[in-house]
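Before any comments, here is the structure.
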Amino acid sequence: MSRRLLPLLLLAPCPALAQDATEAVLPELVVQAQRAAAARQDILARFGAREVTVDRQTIEALPGGADQPLNQVLLQTPGVVQDSFGDIHIRGEHRNLQYRLNGVQLPEGLSGFGQVFDARALRSVSVLTGALPAQFGFRTNAVIDLETRTGALDPGGSIGVYGGARGTLQPSANWAGLVGGWDVFTTGSFLRSNQGIENPTSSWQAINGQTQQLRGLAYAARQLDDTTRLSLIAGTSLNRFRIPTSRGQEPEFAAYGVSDLDSAGLRARQWERNWYGTAALQKSWGDIDLQVAPFIRYSSIHYVPSAVGELVFNGTASDVFRSSLAMGVQTDAAWRVAADHTIRAGFQFTGQRTGFRADTTVLPLDASGAAIDDPTTLRDRFGRTGWLYGGYLQDEWRITDRVTLNLGARWDQMVEGVAAGQLSPRVNLVWRATEATTLHAGYARTFTPPQFELVPGTTVERFLGTTGAPATLTNDPVRPERAHRFDIGVSHRVTQRLTLGVDAYYKDVEDLLDYGQFGNALIFTPFNYRRGRIYGVEFSGNWRGEHWLVYGNLALSRSMGKDIRSAQFTFDPEELAYIQGKYVRTDHDQLVTGSAGAVWRGWEGGRLSGSMLYGNGLRRGFANSEKLAPYATFNLGLQQDFTGPDRGRWTARLDLINVFDTSYQLRDGSGIGVGAPQFGTRRGVFAGLSRAF
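Here it is, written out as structure tokens:
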């Protein structure tokens, strides 16, 4: 089942290019681009998945507009939970998200604090959840499908600047058009702010929280002949962060003769680098459509500690560098073999090389267990190569005009830290009961490898007798997750303007994958619960009038795991023993999550918008046995288009984020795999001005 949460209604399209020759050829390019997009959608069908789409016009109209991070856009869709470090959780899971760029799955690179993709580069963002059909493998909890803007469908460009509270300044530029027969789009932005990561205290601005972020993307496509199209995408994200600090921490050790230090003076930093690219070749032969898409991605994270300070406060200081180079190819095909049958098949191959370097400075312990002020550095160096293979075959069978059944299966194989594979059946049924009501139900067997680039390789024994010694030496390998997933839902169009929906899901898991921050470096490490259960229900609705758009989402979710069976050395022995005997909530479990928004196009060229987020609190405390306080935040946005002195089209915007200056805590530093306290962003006023051309 597919539906749009937020319809196209707000902004007029960018003006066409002015040259007469371009105007003469543009309609044909538009037809070609639309035909290619339709063929791609037919190859990569979302059949049976629950799809929610936010289009470009709505992204730009909501508070923050296209200058807001992509995760803030995703938080306006059902069942998406806000976490610290810019992280999100969908349907009670940590990670297990698949990002696709124009239908091509990108390898999962190292994730840090910064966003890799720029919202202003996108025509739409679609979130697919449920029992996904067989063409979706490896990361199957949710698919984030990003459709880029194009020169044929979005001609024109703009240049602008946005900024405000906490020293935020964000200039940007983009352009789309035709260059020598190529359909081209390019965009770039730079962000500077005094708060790049959530504040560890409730104060208005973090201490030592500066960030600089650079993002860019280029798209080019060309019709090679009547049935063949080539498209290329290249992008980058380069981010630098200082790690915020807090006052009043008490030193626990002495290092390099220092035993008294102001914790506010710590100056740890983190660099994040991402480069990615895809090339997609589409070909049609009558009733057969084919797409072959090679891809590549390089990512790295480098954490540089405030060495003396971290030794004094924590007893360890780690300079950590991780890198990942992944490349491969994705091939998908659709064959309309008969009027009531469409066969789809494909395969994917990914090879990945990861590197790890850590210089960890620790203090030796004497016979009584007291630390000695004689710092020593232990060095870890390793690199390894892993492989992922996947293939699928499925049949979309239109039983009647109102009932369609999709049957399929896929085989996935990983050869990484461990070698494992699985044959996974998938089935989806869609019934259009009436012209206004559609029901769907599905089952999917899934196989999810751990993030290869995050699996630790440190030999824990070498830290014995130091302040970095683990409580236990057990370090079983991280295993792939295997699950049975069930999903059922209904969408009903109450009136021409009002649509309501409800969707329920249940997931029974063996070797449930989770991720935690262990140690000072803000890099996540995967681990497994032996068993897991995740279930919930989502309610959604949207109403669209001539000048109004109103939407709301409410999600109830529960995520539980039992018995840690990998990377045990990172846990406290008491928690390990407790979790072994009973189910506990995962740290990212949040029972109630809500979002809502409205856009009013009330006057010529003007738009007034508002959005809201609600969470009743993530887990905290021993074995995640408690939860944080609930919170609700509200945002307002105002935009006005006008004709400037140069006769060009200008847009001014004013945004008020966290209107009531709510102070709320996302994390308090306790819980399984939670490394530090984090508070939500306090109130901020932001303004922007852009000029279209």
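Per mature numbering (1 follows the signal peptide of the UniProt record, and there is no 0): the sequence shown = residues -18 to -1, 1 to 675. In this text, a Cβ means the ideal position worked out from N, Cα and C, and glycines have one as well.
Limits of the beta strand (DSSP E) - the one that residue i falls within
i: Ile546; result: 530 to 546
i: Thr359; result: 358 to 380
i: Asn388; result: 385 to 397
i: Ala275; result: 270 to 286
i: Val472; result: 463 to 475
i: Asn410; result: 401 to 413
i: Pro659; result: 659 to 661
i: Gln117; result: Premise fails: Gln117 is in no beta strand (DSSP E) and is neither H nor E.
i: Gly576; result: 574 to 585
i: Thr260; result: 251 to 267
i: Arg589; result: 588 to 597
i: Gln64; result: 62 to 64
Nearest-angstrom beta carbon gap, residue j and residue i [assumed within contact, 8 Å]
i: Asp127; j: Leu110; result: 6 Å
i: Leu538; j: Gly563; result: Not quite, the Cβ-Cβ distance comes to about 27 Å (not below 8 Å), so this is no contact.
i: Arg73; j: Asn123; result: 6 Å
i: Glu180; j: Gly662; result: 7 Å
i: Ser219; j: Gly46; result: Rounded, the Cβ-Cβ distance is 18 Å, inconsistent with contact.
i: Ser548; j: Asn510; result: 4 Å
i: Arg77; j: Tyr497; result: 6 Å
Three-state secondary structure (DSSP) of residue i
i: Phe668; result: strand
i: Phe99; result: coil
i: Ala15; result: helix
i: Ile41; result: helix
i: Tyr238; result: coil
i: Ala6; result: In this prediction, Ala6 has a pLDDT of 39, which is less than 50 and means its spatial position is unreliable; nothing more can be read from the coordinates.
i: Leu104; result: strand
i: Thr336; result: strand
i: Ile70; result: strand
i: Gly297; result: coil
i: Asn617; result: strand
i: Ala634; result: strand
i: Met75; result: Strictly speaking, residue 75 in this sequence is Glu, with Met absent from that position. Note: Glu75 maps to strand in three-state DSSP.
i: Val442; result: helix
i: Arg629; result: coil
i: Arg28; result: coil
i: Ser245; result: helix
i: Val460; result: coil
i: Arg22; result: helix
i: Glu33; result: strand
i: Leu(-10); result: Reliability of the predicted coordinates at Leu(-10) is poor, the pLDDT of 30 falling under 50, and no value is obtained from them.
i: Val656; result: coil
i: Gln647; result: strand
i: Asn606; result: helix
i: Val491; result: strand
i: Thr552; result: helix
i: Val641; result: coil
i: Asp496; result: strand
i: Phe434; result: helix
i: Asp314; result: strand
i: Asp49; result: helix
i: residue 676; result: One cannot answer for residue 676 here, as it falls past the ends of the chain, which runs -18 to 675.
i: Cys(-5); result: Confidence at Cys(-5) is low in this model, with a pLDDT of 32, below 50, so its placement is unreliable and no value can be given for it.
i: residue 736; result: In this structure the chain extends from -18 to 675, so residue 736 is not present and cannot be described.
Enclosing alpha helix (DSSP H) for residue i [first to last residue]
i: Pro555; result: 555 to 563
i: Asn510; result: It is not in any alpha helix (DSSP H) - Asn510 instead sits in the beta strand (DSSP E) that spans 506 to 526.
i: Val55; result: 52 to 56
C-beta neighbour in chain B for residue i, strict 8 Å
i: Val311; result: You won't find chain B in this structure, because it holds only one protein chain.
Three-pair Cβ contact test at 8 Å for the segment 485 to 492 versus the segment 440 to 459: no
Scan the segment 125 to 213 and note each continuous beta strand (DSSP E) run of 3 residues or more that stays entirely inside, going in chain order. 138 to 146, 150 to 161, 164 to 175, 193 to 207
For the structure I just gave you, are there three or more beta carbon pairs, one from the segment 185 to 197 and one from the segment 155 to 163, closer than 8 Å? no
For the segment 330 to 345 and the segment 300 to 317, state whether three or more C-beta atom pairs, one from each stretch, are separated by less than 8 Å. yes
On the three-pair Cβ rule with 8 Å, is the segment 410 to 422 touching the segment 372 to 390? yes
Between the segment 79 to 92 and the segment 535 to 555, can you find at least three pairs of beta-carbon atoms closer than 8 Å? no
Any contact between the segment 244 to 262 and the segment 280 to 289? By contact I mean 3 or more CB pairs, one from each, below 8 Å. yes
Mind the definition here: the segment 25 to 37 touches the segment 505 to 512 only if three or more C-beta pairs lie below 8 Å; say whether that holds. no
Can you confirm whether the segment 458 to 472 touches the segment 426 to 433 when touching is taken to mean that 3 or more C-beta pairs between the two stretches lie within less than 8 Å? yes
Segment contact flag, the segment 285 to 300 with the segment 258 to 268, C-beta cutoff 8 Å, min 3 pairs: no
Given 8 Å as the limit, is there contact between the segment 315 to 322 and the segment 300 to 307, that is, 3 or more CB pairs closer than that? no
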